[in-house]
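Residues in the sequence shown are numbered consecutively from -3, following my numbering. What follows is a single structure, written as structure tokens, with notes after it.
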Amino acid sequence: MMMELDFQQVTQVFNQWARQYVRKGDIVAGDGKSLKNTVQNYDNKSQDFVTAVSLFCQQRQVVLGMKMSRNKKESEISVIRQLLTELDLPSATVTLDALHTQKKTIQLLRQRGHDYLVTVKGNQKKLYQALTNYCQEQKPIAQHESQNVGHGRSEKRRVEVWSVPTSLTPEWKDIQSVVRMTRWGQRQSQDYENQMFYITSLPPQGLKLSRVIRQHWQIENNLHWVKDALLGEDKAQQKDGHAPENFAIFRSWVISLLRLNGYSSITEAIALISHRLPFLLSLCTA
-3 MMMELDFQQV
7 TQVFNQWARQ
17 YVRKGDIVAG
27 DGKSLKNTVQ
37 NYDNKSQDFV
47 TAVSLFCQQR
57 QVVLGMKMSR
67 NKKESEISVI
77 RQLLTELDLP
87 SATVTLDALH
97 TQKKTIQLLR
107 QRGHDYLVTV
117 KGNQKKLYQA
127 LTNYCQEQKP
137 IAQHESQNVG
147 HGRSEKRRVE
157 VWSVPTSLTP
167 EWKDIQSVVR
177 MTRWGQRQSQ
187 DYENQMFYIT
197 SLPPQGLKLS
207 RVIRQHWQIE
217 NNLHWVKDAL
227 LGEDKAQQKD
237 GHAPENFAIF
247 RSWVISLLRL
257 NGYSSITEAI
267 ALISHRLPFL
277 LSLCTA
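So this is what it looks like as structure tokens:
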């Protein structure tokens, strides 16, 4: 059945269902996750695979919208733009990784009434170099430091914030702040240090920006990792027809349902509801 089911219709139903959980002012992380079990022609130019692109609410840990695509047909960049156009996310702040640091995407975000925070890396060489030079030459107007210990590492983070150089304002719509995050510490007894840059339409407030940056990675840790490590997405055997797309949608649906019903631990929730069909159905109708 999953092979024949139209995954685009399933996606539409999921997005309609998820719409009821959108709240004004949500902080929403956007990202794509490739399904490794769908990779074809891995080592040549004909490589193809299925990608699940999601908009993930940082506050409630649920998927607010998603689309499935094949990389040979359309890029993750265009799919994110489609999602942002189709979904109503009132007064949301949208966080995206460096792939989506595109002028057209940022213009769309502002047209839709969203604030943004996006990562800047080498794919935008001119912008990256301008930020590097500017942050070396000017003193930040705000900063915030934090420390995290656990999972075999000790890490400190410093978030420094600058007002925007006038040279950037015509190109990047409504940019208000430039951010540099420095992380350093020990991982498995090895020292490390790295820096990342961000641009945002949010005002230059160190603590708030530090939180927004850190929360962006929840889509990786609390959605993508859960789908792989706990639900076995990348090792799934369903490869034929539309089965990969449909199962990916239902995995996101299950995670969202469990979180909405108060289960912070997906492992404990699965153990609790296994082989209890009436209880499972009650979650779906709660």
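The C-beta atom is built at its ideal place from N, Cα and C for all residues, glycine as well.
Where the beta strand (DSSP E) containing residue i begins and where it ends
{"i": "I23", "result": "I23 to S30"}
Where residue i falls: helix, strand or coil (DSSP)
{"i": "Q283", "result": "Nothing about residue 283 can be reported from this structure: the residues present for the chain run from -3 to 282 only."}
{"i": "K135", "result": "coil"}
{"i": "S252", "result": "helix"}
{"i": "L289", "result": "A query on residue 289 cannot be resolved here, the shown segment of the chain reaching from -3 to 282 and no further."}
{"i": "D44", "result": "strand"}
{"i": "E151", "result": "strand"}
{"i": "W180", "result": "strand"}
{"i": "W221", "result": "helix"}
{"i": "W13", "result": "helix"}
{"i": "V18", "result": "coil"}
{"i": "V208", "result": "helix"}
{"i": "V6", "result": "helix"}
{"i": "Q36", "result": "strand"}
{"i": "G202", "result": "helix"}
{"i": "E167", "result": "coil"}
{"i": "E156", "result": "strand"}
{"i": "S278", "result": "helix"}
{"i": "R247", "result": "helix"}
Unbroken alpha helix (DSSP H) run spanning residue i, endpoints
{"i": "N190", "result": "Per DSSP, N190 belongs to no alpha helix (DSSP H); it is in the beta strand (DSSP E), Q186 to T196."}
{"i": "R56", "result": "Element bounds for R56: n/a, residue is neither H nor E."}
{"i": "V90", "result": "No alpha helix (DSSP H) contains V90, which is instead part of the beta strand (DSSP E) from T89 to L92."}
{"i": "V75", "result": "E72 to E82"}
{"i": "G118", "result": "Neither: G118 is in no alpha helix (DSSP H) and is coded neither H nor E."}
{"i": "S261", "result": "Element bounds for S261: n/a, residue is neither H nor E."}
{"i": "K100", "result": "K99 to Q107"}
Span separating the alpha-carbon of residue i from that of residue j
{"i": "Q57", "j": "L219", "result": "8 Å"}
{"i": "L279", "j": "L256", "result": "9 Å"}
{"i": "D2", "j": "L60", "result": "20 Å"}
{"i": "K29", "j": "Q5", "result": "20 Å"}
{"i": "K152", "j": "D44", "result": "39 Å"}
{"i": "Q36", "j": "E72", "result": "18 Å"}
{"i": "E350", "j": "F52", "result": "The structure shown does not extend to residue 350, since the chain is modelled only from -3 to 282, so the question has no answer here."}
{"i": "Q186", "j": "I76", "result": "37 Å"}
{"i": "L127", "j": "R106", "result": "22 Å"}
{"i": "K68", "j": "H212", "result": "27 Å"}
{"i": "M177", "j": "L80", "result": "27 Å"}
{"i": "H236", "j": "F246", "result": "One point to set straight first is that residue 236 is Asp, not His, in the sequence displayed. Their Cα atoms are separated by approximately 16 Å."}
{"i": "T287", "j": "V174", "result": "As shown, the chain starts at -3 and ends at 282. That puts residue 287 outside it, with no answer to give."}
{"i": "R108", "j": "W13", "result": "21 Å"}
Buried or exposed (CB count within 10 angstroms, at least 16 for buried), residue i
{"i": "V114", "result": "buried"}
{"i": "S206", "result": "buried"}
{"i": "R19", "result": "exposed"}
{"i": "H271", "result": "exposed"}
{"i": "S248", "result": "buried"}
For residue i, the nearest candidate out of the options (CA to CA)
{"i": "D22", "options": "S87, L273 and L277", "result": "S87"}
{"i": "G228", "options": "A244, A267, E141 and Q36", "result": "A244"}
{"i": "Q172", "options": "P166, T162, S197 and Q98", "result": "S197"}
{"i": "Y194", "options": "V250, A225, W158 and N217", "result": "W158"}
{"i": "C131", "options": "K122, E156 and H110", "result": "E156"}
{"i": "T89", "options": "E82, Q98 and I102", "result": "I102"}
{"i": "K100", "options": "L83, K169 and Q36", "result": "K169"}
{"i": "T91", "options": "L83, E189 and H110", "result": "H110"}
{"i": "N144", "options": "G181, I137, L123 and K122", "result": "G181"}
{"i": "L226", "options": "S206, A265, Q201 and N129", "result": "A265"}
{"i": "G146", "options": "R183, M62, W213 and L273", "result": "R183"}
{"i": "A48", "options": "T7, T81, H96 and A138", "result": "T7"}
{"i": "L276", "options": "V250, R66 and K204", "result": "V250"}
{"i": "W221", "options": "L203, K235 and T263", "result": "T263"}
{"i": "A25", "options": "V208, Y124 and K63", "result": "V208"}
{"i": "Q125", "options": "Q234, D93, L95 and L164", "result": "L164"}
{"i": "S142", "options": "K135, P200 and S150", "result": "S150"}
{"i": "R154", "options": "K117, N129, M192 and E167", "result": "M192"}
{"i": "K117", "options": "M62, S252, N190 and E82", "result": "N190"}
{"i": "N11", "options": "Q78, R66 and Q54", "result": "Q78"}
{"i": "M(-1)", "options": "L253, Q234, S252 and S248", "result": "Q234"}
{"i": "Q120", "options": "Y112, H96 and Q139", "result": "H96"}
Residue i: CB within 6 Å of a non-hydrogen atom of the ligand FAD
{"i": "P136", "result": "The ligand FAD is not part of the structure shown, which contains no ligands of any sort."}
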